[in-house]
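Worksheet for the structure shown next.
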C-alpha cells in the first residue's frame with residue numbers, strides 16, 4: 003500500500019480519501035480514529051503540561067548535585083541520591099508509612115463495607131441523602147478539617163476533657179500515632195465507601211437468595227457470593243485509600259508528632275530543612291514507582307482470583 | 021531580503037524591544053552596577069516578602085502615604101521557604117528579611133543586591149554592635165531589622181520556678197519526668213545548637229564526634245518530645261499541649277501577653293542569638309523604592325513601633341530612646357549583660373552544614 007495519496011490535495015484532505023486498495027469501511031474507521039485522536043488532544047495536552055513535564059523536571063533534578071549552600075547544581079550528573087535510598091532511615095520511614103497506609107485501608111474497609119451494604123438496602127431517597135452526607139466534608143478544605151481535629155484532640159479540647167470528667171485520667175491524643183490514623187481514616191473513608199456502594203448496588207440479591215435456598219448459611223452466602231461479586235469495589239476502594247494515605251502530608255504533619263514522620267513529611271523536609279533537592283526528587287521518583295508497581299500487582303492478583 | 025518602509029519600521033521596533041530586553045537582562049546580571057538611587061527616591065511599588073506578622077500594622081500604610089506608592093506583601097514562615105522561593109531567581113520581590121545565616125547563603129548564591137549605603141542615610145541610627153556582623157561584614161548586602169534569642173518557654177504555673185537550663189528538654193531525669201511533654205524547633209542548627217550548648221560544646225562545632233553526641237541527645241529526647249514544630253509551639257504551650265517549648269523570644273512574649281503562669285527563659289548553658297535583616301534581591305524590579313523602604317524602617321520612631329508591637333529588641337540605637345522603658349528593662353526582651361555574655365550567633369560551618377541537617381533528620385525522622 004502506498005503511504006500517501008496522489009499529490010495536489012492539501013495534507014488535511016489527503017488522508018480523508020480512501021487509500022489504494024482500502025475498503026470504504028476501513029477508511030471510515032481510520033477517519034473515526036483520527037477524530038478520536040482530535041478529541042483526546044485536550045486531555046493529552048493537559049497531562050503533558052501538568053504531569054509529564056513536571057515529573058520530567060523531578061527526574062532530572064534527582065540526578066543533579068546538592069551544592070555547598072544547598073542550591074541544586076544542574077550538571078555533574080550522578081546517581082548518588084538513588085544510592086541513599088537503601089539507608090536504614092529511609093527504609094524505616096517508608097516501612098512506617100506503609101504500615102499506616104495498610105492500617106488505614108483496613109479500618110476504612112471494616113467500617114465502610116457494612117455501611118455501604120446497609121446503604122444498598124435503604125430506599126432510594128435515603129440513599130441519596132446518605133451519599134450526599136458522605137461527600138459533604140469534601141466541600142470544605144482538608145486543611146481546615148484537619149485543624150478542626152487539632153482542636154478536638156488538644157489537651158484542652160472536648161475529648162480529653164470528657165475523658166477526665168469521667169475520672170479516667172489524663173488523655174493525650176494530639177501528636178500521637180492514634181491521632182494520625184484517626185485523621186487518615188476520617189479523610190479517606192469516602193474513597194472506600196463510594197466504590198463499595200457502586201459495586202454492592204449492582205449485586206443481584208437473587209443470587210444470595212438462591213445460595214440460601216440451596217442450603218448455604220448466611221456466612222457462606224457472603225463468603226462465596228456477596229464478597230466475590232463486590233471484590234471490584236473492594237479493590238478500587240483499597241487502592242483509592244492506600245495510595246494517597248501512603249504519601250499523605252497534611253494529616254500526619256498537623257496531627258502527628260515526633261515519632262510519626264511519614265514519607266510525605268520526609269520528602270518535604272529534604273526540600274526545605276535539608277535543602278537537598280536531588281535526594282528529595284529521588285525519593286519522590288522511588289515512591290511513585292513503588293506505588294505504581296504495587297497498584298499494578300494488586301490489580302493483577304485480584305483479576306486472577308476473580 | 022527586501023523590506024518595504026512599513027516592514028522596516030516593524031523590524032526596527034522588534035530590534036528595539038530585543039535591545040531593551042537584553043539591556044534589562046544585562047542590568048539584572050550586573051545588578052551592582054545598576055543606576056544609583058538617591059535617598060528617598062522611589063521607582064515603583066514595593067514588593068515585600070517578609071515573615072508572617074512581622075511588622076506593626078501602621079508601618080506599611082505610613083510608607084504608602086508618604087511616598088504615594090503601593091506595598092504588595094507576601095509572607096513566609098521559615099528561611100528555608102524563602103530560600104526555596106528566591107534561589108532560582110525571578111521571584112519578583114524587592115525586599116526580603118532573611119535571618120543571619122540565610123543572608124550568608126543568599127550572598128554566596130548571588131541572590132542579593134549590594135546595597136548603595138548612600139541611599140540609606142539612617143544607617144547611622146544602628147547600634148555600633150550591629151554595623152559589622154559576621155554574617156555580612158559591613159552590612160554590605162543587608163541591614164538588621166530586629167534581633168532576638170532562642171530559648172525555652174515554660175509553663176511555670178505548672179512546674180513552679182525551674183532552673184533555666186536545657187536539662188528541661190534533654191535530661192531524662194528532668195525532661196523525662198515533667199508532668200507533660202516538650203516541643204523542639206524543626207530546625208537542624210537550632211536544635212543541635214541547643215544540645216551542643218547543654219553538652220558544654222561549641223554550637224558551631226565542625227567536629228564529627230561532638231555533633232554525633234548532640235544528635236544522640238536529640239534522638240534520646242524523642243521519648244518525651246511531642247513534636248518538632250517551628251510554627252505553633254507558643255500556642256501548644258499556652259493550650260497545655262506541652263509544658264516546655266523551644267522557640268524564639270518574641271513569639272513567646274506575644275503569646276504570653278495577658279496570661280499568668282508562663283515565662284521565657286534563656287538557658288544558663290548558653291543560647292542562640294540571631295538577627296533578621298532586610299535585604300534587596302539582585303533582580304528586584306524596584307531597587308530604589310527598596311532602598312527608601314529600608315531607610316524608612318531605620319527611622320527612630322519606626323524602629324520603636326516595631327519593638328513595641330512584637331517584643332523583639334531593636335538594633336536601632338536612636339529608637340531606644342523612644343521605646344517604652346517597661347519593654348527596655350524587661351530581661352525577656354532585652355537580655356541582661358550577664359545573659360548576653362552567654363549568647364552565641366550560629367555561624368557558617370561551610371561544608372559541614374550538610375552534616376547538621378543529615379544528623380538532625382536522622383535523629384528526628
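Residue numbers (my numbering), protein chains in the order written: chain A, 3 to 308; chain B, 21 to 385.
In this text, a Cβ means the ideal position worked out from N, Cα and C, and glycines have one as well.
Every value quoted in this text rests on a predicted model; they were computed, and no experiment measured them.
| Contact with chain A by residue 210 of chain B, beta-carbon distance below 8 Å | no
| task | In angstroms with no decimal places, state the Cα-to-Cα distance between residue 98 of chain B and residue 172 of chain B. | result | 19 Å
| query | If you measure beta-carbon to beta-carbon, which residues of the region 121–132 of chain B are closer than 8 Å to chain A? | reply | 125, 128 and 129
| request: Round the Cβ separation of residue 201 of chain A and residue 159 of chain A to the nearest angstrom and send it over; I've been treating them as touching at under 8 Å. | output: No, residue 201 of chain A and residue 159 of chain A are not in contact; Cβ-Cβ is about 38 Å, not under 8 Å.
| field | Terminal residues of the alpha helix (DSSP H) in which residue 183 of chain A lies | value | 179–203
| request: Specify, as a first and last residue, the run of the alpha helix (DSSP H) that residue 44 of chain A falls within. | output: 26–49
| field | Buried/exposed call for residue 284 of chain A, threshold 16 Cβ in 10 Å | value | buried
| task | Kindly confirm or deny that the region 227–245 of chain A and the region 106–120 of chain A touch, where touching means at least three C-beta pairs closer than 8 Å. | result | yes
| Where does residue 173 of chain B sit, in a helix, a strand or coil, going by DSSP? | strand
| Apart from the five residues just before and just after residue 69 of chain A, which ones in its own chain have a Cβ nearer than 7 Å to its Cβ? | 75
| request: Identify the contact partners of residue 285 of chain A in chain B, using a Cβ-Cβ distance below 9 Å as the criterion. | output: Ordered by position in chain B, no residue passes the 9 Å Cβ test against residue 285 of chain A, which lies about 12 Å from the chain.
| For residue 195 of chain A, is the classification buried or exposed, using 16 other Cβ atoms within 10 angstroms of its Cβ as the cut-off for buried? | buried
| request: Please name the residue in A:136, A:99 and A:185 whose C-alpha comes closest to that of residue 117 of chain A. | output: A:136
| Spatially closest choice to residue 238 of chain A from A:197, A:180 and A:188, by CA coordinates | A:197
| said: Helix, strand or coil, according to DSSP, for residue 336 of chain B in the structure here? | reply: strand
| query | In whole angstroms, what is the alpha-carbon distance linking residue 132 of chain A and residue 120 of chain A? | reply | 11 Å
| field | CB contact flag (residue 181 of chain B, residue 250 of chain B, <8 Å) | value | no
| Minimum Cβ-Cβ distance from residue 83 of chain A to chain B less than 8 Å | no
| residue 124 of chain A to residue 154 of chain A span [Cα, whole Å] | 32 Å
| query | Does any C-beta atom of chain A lie closer than 8 Å to the C-beta of residue 214 of chain B? | reply | no
| In chain A, what lies closer than 9 Å to residue 261 of chain B by C-beta? | 156, 157, 158, 174, 176 and 177
| said: In this structure, how does DSSP classify residue 67 of chain A when only helix, strand and coil are distinguished? | reply: strand
| task | Determine, using beta carbons only, whether residue 317 of chain B and residue 263 of chain B come nearer to each other than 8 Å. | result | no
| query | Exposed or buried, what is residue 125 of chain B when buried is set at 16 or more other beta-carbons lying within 10 Å of its beta-carbon? | reply | buried
| request: Check whether the Cβ atoms of residue 244 of chain B and residue 278 of chain B lie closer than 8 Å to each other. | output: no
| Collapsed DSSP secondary structure at residue 108 of chain A in the structure displayed | helix
| query | Starting from residue 277 of chain A and walking both ways along the beta strand (DSSP E), at which residues does that stretch end? | reply | Unbroken run through residue 277 of chain A: none, as it is neither H nor E.
| said: Quick check on residue 376 of chain B: does DSSP put it in helix, strand or coil? | reply: helix
| Is the region 159–176 of chain B touching the region 279–288 of chain B, taking contact as three or more C-beta pairs under 8 Å? | yes
| field | residue 43 of chain B (DSSP reduced to helix, strand or coil) | value | Residue confidence for residue 43 of chain B is low, a pLDDT of 43 falling below 50, so the modelled location carries little weight; the figure read from the coordinates is stated next. In the structure shown, residue 43 of chain B sits in a helix (DSSP, three-state: H, G or I).
| Residues in the region 83–110 of chain A having any Cβ partner in chain B nearer than 7 Å | 91 and 95
| query | Got a sec? Which residues, its chain only, sit under 8 Å from residue 95 of chain A by beta carbon, not counting five neighbours each side? | reply | 263, 264, 265 and 268
| message | For residue 256 of chain B, list the residues DSSP reports as bridge partners. | response | Paired residues: none, contrary to the question.
| said: If contact is defined by three or more beta carbon pairs under 8 Å, each pair taking one atom from either stretch, is the region 281–301 of chain A in contact with the region 84–98 of chain A? | reply: yes
| request: Sort out for me which residues DSSP pairs residue 292 of chain B with in a bridge. | output: B:170 and B:364
| request: Taking only the alpha-carbon atoms, compute the straight-line gap between residue 193 of chain A and residue 167 of chain B and give it to the nearest angstrom. | output: 49 Å
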